[in-house]
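Since the structure comes first, as structure tokens, the remarks are kept for the end.
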Amino acid sequence: MNLAYTIKEAINMSTINMERDIMDRKIISVSKKRQITIPLQFYKHLELGSEVECSLEDGKIVIQPLHREPSEFSVEILEDLVSQGYSGDELVKQFKIQSKNIKKAVTNMLEEADVIAAGEKSSANFDDIFGSED
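Here the sequence shown stands for residues 1 to 134, numbered as in the UniProt record's numbering.
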């Protein structure tokens, strides 16, 4: 094995990796309303929809596709609606309504958790929710 060839190969691989990193990076503007535009190639590559998940990790903002699992409450919602006597088209209609209500409630809870985490609101304790045993 020729040492010069190995060094040349390592330099070429390093250059290819640097070029790939540069191609995978874009500088984007942040608007006065804190909005950004995701570059089209990133949007298409990640198959992003109308919503993404945004998180802070090690001092970085991470934006990733939102993977929604089927609602964990679907069975419970259906059981409740059937017990109320719904069936057929009316069952489907009521299921859609209840599913939206669950989604809104979860969104509200997450927003409230963000406000509490930011220190803008204090959280409730056990006694606040259930009352004291006195």
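Every residue, glycine too, gets a C-beta built ideally from N, C-alpha and C.
All of these numbers come straight from a predicted model, not from anything done at the bench.
Between which residues of its own chain and residue i is the CB-CB distance below 6 angstroms, once the five residues before and five after are set aside?
| i | result |
| --- | --- |
| Gln64 | Glu53 |
| Gly85 | none |
By Cβ distance, which residues of its chain are closer than 8 angstroms to residue i, with the 5 residues on each side in sequence left out?
| i | result |
| --- | --- |
| Gly49 | Pro65 and Leu66 |
How would you call residue i, buried or exposed, if buried means at least 16 neighbouring beta carbons within 10 angstroms?
| i | result |
| --- | --- |
| Leu81 | buried |
Specify the secondary structure class of residue i as computed by DSSP and reduced to three states.
| i | result |
| --- | --- |
| Val62 | strand |
| Ser74 | helix |
| Glu57 | strand |
| Val52 | strand |
| Lys100 | helix |
| Ala124 | coil |
| Gly119 | coil |
| Gln94 | helix |
| Lys44 | helix |
| Gly85 | coil |
| Ile28 | coil |
| Ile129 | helix |
| Thr107 | helix |
So, for residue i: in the same chain, excluding its five sequence neighbours on each side, which residues have a beta-carbon less than 7 angstroms away from its beta-carbon?
| i | result |
| --- | --- |
| Val30 | Ile36 |
Alpha carbons only, please: which of the options is nearest the one belonging to residue i?
| i | options | result |
| --- | --- | --- |
| Asp74 | Ser132, Lys100 and Gly85 | The sequence shown places Ser at residue 74, rather than the Asp named in the question. Nearest C-alpha to Ser74: Lys100. |
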